[in-house]
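Using our numbering, the letters of the sequence shown correspond one by one to residues -17 to 339. To start, the structure under review is shown below, and the notes come after it.
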Amino acid sequence: MSNQFLFLILFFVSIILPKTLLAQSTEHAGTIVKVQGTVDVYTHPSKSPQGVSPRILYDNEYYTTIPAKLGHKVVAGDVIRTGNGAKARIVYKNGDQFNVGEGTEYRVTVLRTNIEGKDKSVINMMRGQLRAIISKEGPRNNMEVKTQNASMGVRGTDFFVAQNGNLGKAEVSVLRGEVEVKIAPPKVETTKKETTSSLAKAEVISVKPGFSAQWQAPATEEKKSDNNKATTSAPEPIKANTIVLQKTTQTDLIKIQQNSVIPQTQVTEEKMSATVAKEMAILEKAAVETTMKDIKAHDPQLYAKLEKNNVSSVSAINSEVVKEVFQEAPKAPGKPGAAALNDLDEDAYEKYFAPEE
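Okay, structure coming up:
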């Protein structure tokens, strides 16, 4: 009797578990739908250098490097790297999207968070810029983004995060929804020369639409000496482990727009196979539906405007969202440079928010 019971359990596991794992891997696999410039995917991490060539050692693990192509699947554990002037858009089955800016490096992991088996996506930002549009009803509605000394809780939102890998400075701007930023407690050296976490509570702040938060990782001795060489005209540095909250400026929004728009050339479209082209169309539709549904819930007026003007591509929708915030955003404080003056003149709309061809 017990053997029969054991057999039934093993049979159940053999049938159900693979389907469950397949469903989880599918919902957490993103598809590259747009590429501009040099974008690489580091995949199949292992402690062994053996594997499909070319292999590269990265963060104490060996990866196979693959040039990003339309239709390529990005799965948990992969690392995305964009070169100078390069960008990529990754769309998930439910319509969630990552718009990856130039000079970016990040890894996605998926963690099991509780006894019910709910998964949690974690984005580890090493450097660069990322704009994400996440559905509050999808599998990434509890997503966490980590930088050098902070973590951000995402519960369905349109946000932009930037991490300066060299200086340790990071920021997040929220266009829709809300992001909770938590600074890791500072570490102190005890009398026994052991590093421990401070007993002080970590600083936590909620960033709402139209606002940006900035913070700074503690400087190393090398960074401190570099900071001492700074001229008096440099902006006031942000105190380490402190969050500075302010209105998102027009300059901030231009940077977001620059990292969100990825033109698609006709040559690239012609090279797509019929299968890939069909998948791109399905994902585009999912991204549009998910984004519009989120906009309708947060900003009915903008939703009505987009419907009236028949804005139907996800690129155009994302641009209209930034453009809407731009109209009410303040200019950056301080004396702007020549480039900033050109960016913020009366032709800024035409330069950065023109409809995509």
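A virtual CB, placed ideally from N, CA and C, is assigned to each residue, including glycine.
How about residue i and residue j: do their beta carbons lie closer than 8 Å?
i, j, result
"Glu266", "Thr13", "no"
"Val104", "Val154", "no"
"Asp101", "Leu112", "no"
"Ala268", "Asn76", "yes"
"Thr47", "Pro36", "yes"
"Asn131", "Asn223", "yes"
"Ile72", "Val23", "no"
"Tyr44", "Gly33", "yes"
"Val56", "Ala11", "yes"
"Val243", "Ser301", "yes"
"Asp276", "Gly147", "no"
"Thr233", "Ala314", "yes"
"Val161", "Gly135", "yes"
Spell out the partners DSSP gives residue i in its beta bridges.
i, result
"Ile72", "Ile14 and Phe80"
"Phe193", "Lys229"
"Met107", "Tyr88"
"Met134", "Val127 and Val163"
"Val156", "Phe141"
"Gln119", "Looking at the sequence itself, residue 119 is Glu, so the reference to Gln does not match. Answer by DSSP bridge pairing: none, since Glu119 is not bridged."
Using a Cβ-Cβ cutoff of less than 7 Å, which residues in the same chain neighbour residue i once the five nearest sequence positions on both sides are dropped?
i, result
"Val307", "Leu157, Gly192, Thr230 and Leu235"
"Arg122", "Asp78, Ser103 and Ile116"
"Ala50", "Ile14, Val17, Val21, Asp22, Val23 and Ala70"
"Ala58", "His10, Val90, Thr91 and Val92"
"Asn66", "Glu84 and Gly85"
Using the beta-carbon count (16 or more within 10 Å), is residue i buried or exposed?
i, result
"Glu163", "The displayed chain sequence assigns Val, not Glu, to residue 163. It is buried - the Cβ of Val163 has at least 16 other Cβ atoms within 10 Å."
"Glu87", "buried"
"Ser28", "exposed"
"Ile264", "exposed"
"Ala68", "buried"
"Leu39", "exposed"
"Lys206", "Its pLDDT being 49, under 50, Lys206 is placed unreliably by the model, and the measurement read from it follows with that caveat. Exposed, since its Cβ has fewer than 16 Cβ neighbours within 10 Å."
"Gln283", "exposed"
"Ser255", "exposed"
"Thr129", "buried"
"Thr64", "buried"
"Val186", "exposed"
"Asn291", "exposed"
"Asn241", "buried"
"Asp41", "exposed"
Using C-beta distances below 6 Å, list every residue in its chain close to residue i, excluding the 5 sequence neighbours before and after it, in chain order.
i, result
"Val270", "Val296"
"Ile115", "Gln79, Asp140 and Thr273"
"Lys253", "none"
"Lys151", "Gln198"
"Pro312", "Lys229 and Thr231"
"Lys278", "Tyr285"
"Lys317", "Low confidence applies here, because Lys317 scores a pLDDT of 49, under 50, leaving its location unreliable; read the following figure in that light. Same-chain partners within the cutoff: there are none."
"Ala144", "Gln111 and Glu153"
"Ser133", "Glu126 and Lys164"
"Leu149", "none"
Ordered along the chain, which non-local residues of its own chain (more than five positions away) have a Cβ less than 8 Å from that of residue i?
i, result
"Ser294", "Val270"
"Arg109", "Gly85, Thr86, Glu87, Gln145, Asn146, Gly147 and Asn148"
Just to check, is the beta-carbon of residue i closer than 7 Å to a non-hydrogen atom of the ligand NAP?
i, result
"Thr224", "This structure does not include the ligand NAP; it has no bound ligands of any sort."
Report yes or no: is there a C-beta of chain C within less than 8 Å of the C-beta of residue i?
i, result
"Ala259", "Protein chain content of the structure displayed is limited to a single chain, and chain C is not contained in it."
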